[in-house]
Structures are given as structure tokens and as C-alpha cells.
Amino acid sequence: NAGVTQTPKFQVLKTGQSMTLQCAQDMNHEYMSWYRQDPGMGLRLIHYSVGAGITDQGEVPNGYNVSRSTTEDFPLRLLSAAPSQTSVYFCASSRDRLYQETQYFGPGTRLLVL
Amino acid sequence: AQKVTQAQTEISVVEKEDVTLDCVYETRDTTYYLFWYKQPPSGELVFLIRRNSFDEQNEISGRYSWNFQKSTSSFNFTITASQVVDSAVYFCALRDNNDMRFGAGTRLTVKP
Numbered sequence: 588n589a590g591v592t593q594t595p596k597f598q599v600l601k602t603g604q605s606m607t608l609q610c611a612q613d614m615n616h617e618y619m620s621w622y623r624q625d626p627g628m629g630l631r632l633i634h635y636s637v638g639a640g641i642t643d644q645g646e647v648p649n650g651y652n653v654s655r656s657t658t659e660d661f662p663l664r665l666l667s668a669a670p671s672q673t674s675v676y677f678c679a680s681s682r683d684r685l686y687q688e689t690q691y692f693g694p695g696t697r698l699l700v701l
Numbered sequence: 082a083q084k085v086t087q088a089q090t091e092i093s094v095v096e097k098e099d100v101t102l103d104c105v106y107e108t109r110d111t112t113y114y115l116f117w118y119k120q121p122p123s124g125e126l127v128f129l130i131r132r133n134s135f136d137e138q139n140e141i142s143g144r145y146s147w148n149f150q151k152s153t154s155s156f157n158f159t160i161t162a163s164q165v166v167d168s169a170v171y172f173c174a175l176r177d178n179n180d181m182r183f184g185a186g187t188r189l190t191v192k193p
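These protein sequences, in sequence, are chains A and B.
Our numbering puts the first residue of the first sequence at 588, with every later residue one more than the last.
Our numbering puts the first residue of the second sequence at 82, with every later residue one more than the last.
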């Protein structure tokens, strides 16, 4: 299994540009999520999905959209990038949303918005 | 409210010293899970341990040990005889009915 994969690894955007961060998992996990990591703030939940066709907002959803058309894929869209969205983005998955399920993380995407 | 506090922002030790990373959490739920993740300089997040709210037994895995105390809402992580390869940022996390919340992380530097 490849686990959780993310592309690209690094991206530079100009303010106002849009882009999609890709996330895929091959573990047949129902639960997938997106976090952003900023210095001194740990990881904060942006959006999550408990299964195909179901998404919901996390702690910091503004400026981001998600969709879940398949179990495997969970892309994160930035509609109009802002410098405040400069961060490292991690995608994670777990078998389901239950408390006991461990989330496994992708390698991250480092985004710089100029 | 759900909250995880890692009061130690940075810790520096010399190789072979023991070091404890503190984690204090807040939750209103009676059922929850606590996690530790390691983020080495390469940037990935590596799962270390999971502990449920009903199991207060301490756990040891090689040089790593975890002390869970519900009375003080703490889930501390100790590395015995630290090594340079232990240098990383360590995150404590809480997963309850309100999803998952991470602490701000503790950066551990182990000097040779």
C-alpha cells in the first residue's frame, strides 16, 4: 500500500490564483481530512469527510473547498489564494471517524502564496 | 471545549539524557483517545501511540514510555537515553466526539 499520497510537494502561487491540492489513499479508509500546519499552532482541521459524498467543515474552513466523489480521493481547493494561506497542508485518513481510529498522514504540501 | 496544551515549546538535551514532553488536555467527553505523533526534520507525521480514556496503564516501547493520568488530564511522553535521531517536533493530540485537536508541538533537539 502507498498509504496517503499528496501532490504537489511544493507550490508557489500568486495572490488570487486558484489551485487544487490532491490527496489519495489506498487503504479503503472512510474518513479523510485536511489540516494546515503553521508555526507554533500545531495542526488545525480545515475540512473532513466521513465517506464518499459527505464533507463537513473543521476549525478553519474559510477560503477552502472540498469534495469527495470517491472513497480514495479528497482534493482541497483554494479558490482565490491569499498570503494567509501560506502553510504546510497535510491530508490524513482513518478507517472511520470513531475515536479509536488512528489517522495516518500524507507527506504534506508546502504552499507559498506571494 | 476541546483543547490540547503542550507548554514546552522547545527542549534541548544532550544525548543519553532522559527527557519528558508534557501534554495536558481538556474535553467534556468521557470517551476519547489521546495520540502522540513525531515530525522529524523531513516533515512527515509519524504515529507513535494511541491511548483510550479508559486505560490508564502506562506503556513502554523500547526507549519510549507514556504516562496517562486522568486525574490531572495529562498524557506525558518520556524518552529514555535520548539519541540524536530523536530530534523532532512531537505533537500530542486528542480525538473525541468533536474530532481531532492537536497541541502546538514541542521541538526536541538532542545534541551529541
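Backbone N, C-alpha and C define an ideal beta-carbon position, used for all residues, glycine too.
Backbone secondary structure at residue i - three-state DSSP
| i | result |
| --- | --- |
| Lys84(B) | strand |
| Ser168(B) | coil |
| Ser680(A) | strand |
| Ala150(B) | Here residue 150(B) is Gln; the residue named in the question, Ala, does not match the sequence. Note: Gln150(B) maps to strand in three-state DSSP. |
| Ser667(A) | coil |
Residue i - containing beta strand (DSSP E), residue span
| i | result |
| --- | --- |
| Leu189(B) | Thr187 to Lys192 |
| Thr159(B) | Ser155 to Ile160 |
| Asp99(B) | Neither: Asp99(B) is in no beta strand (DSSP E) and is coded neither H nor E. |
| Leu701(A) | Leu701(A) -> no beta strand (DSSP E), and no H or E assigned at all. |
| Arg182(B) | Asp180 to Phe183 |
Identity of the residue in the options nearest residue i by Cα
| i | options | result |
| --- | --- | --- |
| Val637(A) | Leu630(A), Arg631(A), Ser620(A) and Thr696(A) | Ser620(A) |
| Gln120(B) | Ala162(B), Glu98(B) and Arg188(B) | Arg188(B) |
| Arg182(B) | Val591(A), Gly590(A), Phe597(A) and Ile633(A) | Ile633(A) |
| Thr658(A) | Asp683(A), Pro694(A), Leu630(A) and Gly693(A) | Asp683(A) |
| Ala185(B) | Ser605(A), Lys596(A) and Pro626(A) | Pro626(A) |
| Thr190(B) | Arg109(B), Leu102(B) and Gln83(B) | Leu102(B) |
| Glu646(A) | Phe116(B), Ala88(B), Asp180(B) and Gln89(B) | Asp180(B) |
| Gln672(A) | Ser654(A), Gly693(A) and Val599(A) | Val599(A) |
Cβ-based neighbour list, residue i, same chain, cut-off 7 Å, excluding 5 preceding and 5 following
| i | result |
| --- | --- |
| Asn588(A) | Asp613 and Met614 |
| Thr594(A) | Gln609 |
| Glu98(B) | Ser163 |
| Glu96(B) | Ser163, Gln164, Val165, Val191, Lys192 and Pro193 |
6 Å Cβ shell around residue i - same chain, five flanking residues per side excluded
| i | result |
| --- | --- |
| Pro670(A) | Val700 |
| Tyr106(B) | Val85, Ser154 and Leu175 |
| Glu196(B) | Coverage of chain B is limited to positions 82 through 193, which leaves residue 196(B) absent and any answer about it impossible. |
| Phe158(B) | Leu102, Trp117 and Trp147 |
| Asp110(B) | Asp177 and Asn178 |
Contacting residues, own chain, Cβ-Cβ under 8 Å from residue i (five flanking each side not counted)
| i | result |
| --- | --- |
| Lys151(B) | Ser134 and Glu137 |
Closer than 8 Å to chain D by CB, residue i
| i | result |
| --- | --- |
| Gly143(B) | Protein chains A and B are contained in the structure displayed, whereas chain D is not. |
For the region 591 to 661 of chain A, list the beta strand (DSSP E) runs that are entirely contained and at least 3 residues long, ordered along the chain. Entirely contained in the region 591 to 661 of chain A, the beta strand (DSSP E) runs reaching 3 residues are, in chain order, 591 to 594, 597 to 600, 606 to 612, 618 to 624, 630 to 638, 641 to 644 and 651 to 653.
Entirely within the region 114 to 146 of chain B and at least 3 residues each: give me those beta strand (DSSP E) ranges in chain order. Assignment of beta strand (DSSP E) within the region 114 to 146 of chain B, counting only whole runs of 3 or more residues, yields 114 to 120, 127 to 133 and 140 to 142 in chain order.
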